[in-house]
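Numbering (the numbering used here), first residue to last: -16 to 359. Worksheet: one structure, shown below.
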């Protein structure tokens, strides 16, 4: 019997993405899988049911789509009740936010499902095409700058007119991971004067390569390379104090600040205090990309425009979801690249290896098995 892959409509508030596109449905079918999708699953991402049918997928009710499924795909992991009818031991490949959703992970274990957390994809060369955090962060960095530009009441580029010159906006990006690099590149394309900082000193060259000015603490050692898994780690108190002083002086001169700092398994670090906000010019804008993970900015709230000391603070709980069509296309390709990389033609299904399989697998055989969770 052919492997059955199902994708459901996302039910989390504000989630417009979908984990399967007609492109990837067609590719899964070419591998020999039967593909089913819940009716209306792609509408928020500008994908019609007919487009799925044309790609060879079955368009069914949620219950019918999941019935006898071997693999269920999701952007955000579905609640357990949505998986009723799936095969015992079925895989669910999605984002789980495992450190904050322990109860959901435990429920998956108890339900006998194999939860595959796409956030835990190791940052190694062969897994780059499977990395949903990178693909979604890239779009989030882009959208953050566009949103800030929309909220900001002035132009980004320098403009020389008969009535006089408009100076370029000053944009400061805090955190130079995938989202930060894209934010720098986007702000530069819009004509802003861009600067950026990070706790990893190795990012200086990346900042300069995009034409931005690096802002770094010079007299206290930072992280020379990457932290675990390519992420930054927490810094010493001495470095944090020196960085806060440097950043405070720089922030006061900025028009736009984009914060992108996240630490896996921990609340987002506080980068901007109320006092620093008060030092900024009226009309300035801060976009907090970490607002849903604890926030980088004091007083920021998800999906609200907050005004403090004349400064507008913005942040979306799901920034990539505001670019649903492109975000879905990239997310779906990540999932296909993941599963197809391990496809065993004789078995007619994917067979995960230890390096990647053990990294992303949260539950198996009725237990939570991921070492990052069992040792947390």
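We put the beta carbon where it would ideally sit given N, CA and C, even for glycine.
- Taking a C-beta distance under 9 Å as the contact criterion, residue 297 and residue 269 qualify as a contact pair.
- For the pair residue 286 and residue 279, the CB atoms are not nearer than the 9 Å cut-off.
- Taking a 10 Å sphere around the C-beta of residue 28, we find 16 or more other C-beta atoms and assign the residue as buried.
- Closest in alpha carbon position to residue 300, among 126, 47, 184, is 126.
- The way I'd put it, the stretch 143 to 151 doesn't touch the stretch 251 to 258; fewer than three beta-carbon pairs between them come closer than 8 Å.
- Taking the Cα positions, residue -9 is about 29 Å away from residue 250.
- By the criterion of at least three beta-carbon pairs nearer than 8 Å, the stretch 304 to 313 is in contact with the stretch -1 to 10.
- Scanning the stretch 23 to 105 from its first residue to its last, the whole alpha helix (DSSP H) runs of 4-plus residues come out as 32 to 37, 45 to 49, 85 to 94.
- Remark: C-beta atoms of residue 356 and residue 96 do not approach each other more closely than 9 Å.
- Taking the Cβ atoms as the reference, residue 49 lies roughly 6 Å from residue 66, within the contact range of under 8 Å.
- In the three-state DSSP reduction, residue 163 falls in the helix class (H, G or I).
- Annotated three-state conformation of residue 5 is helix, per DSSP.
- In this model, residue 173 and residue 193 are separated by some 13 Å (Cα to Cα).
- DSSP places residue 291 inside the beta strand (DSSP E), whose first and last residues are 289 to 291.
- Here residue 303 is buried. Its C-beta has 16 or more other C-beta atoms within 10 Å.
- Beta-carbon to beta-carbon, residue 241 and residue 123 are separated by about 10 Å, too far to satisfy the 8 Å threshold.
- Distance between residue 93 and residue 347, taken at the CA atoms: about 9 Å.
- Of all C-beta pairs linking the stretch 17 to 26 to the stretch 66 to 81, fewer than three are shorter than 8 Å, placing the two stretches out of contact.
- Taking 8 Å as the upper bound for CB-CB distance, residue 63 and residue 90 are in contact here, some 5 Å apart.
- 324 is the residue among 341, 324, 339 whose C-alpha sits nearest the C-alpha of residue 333.
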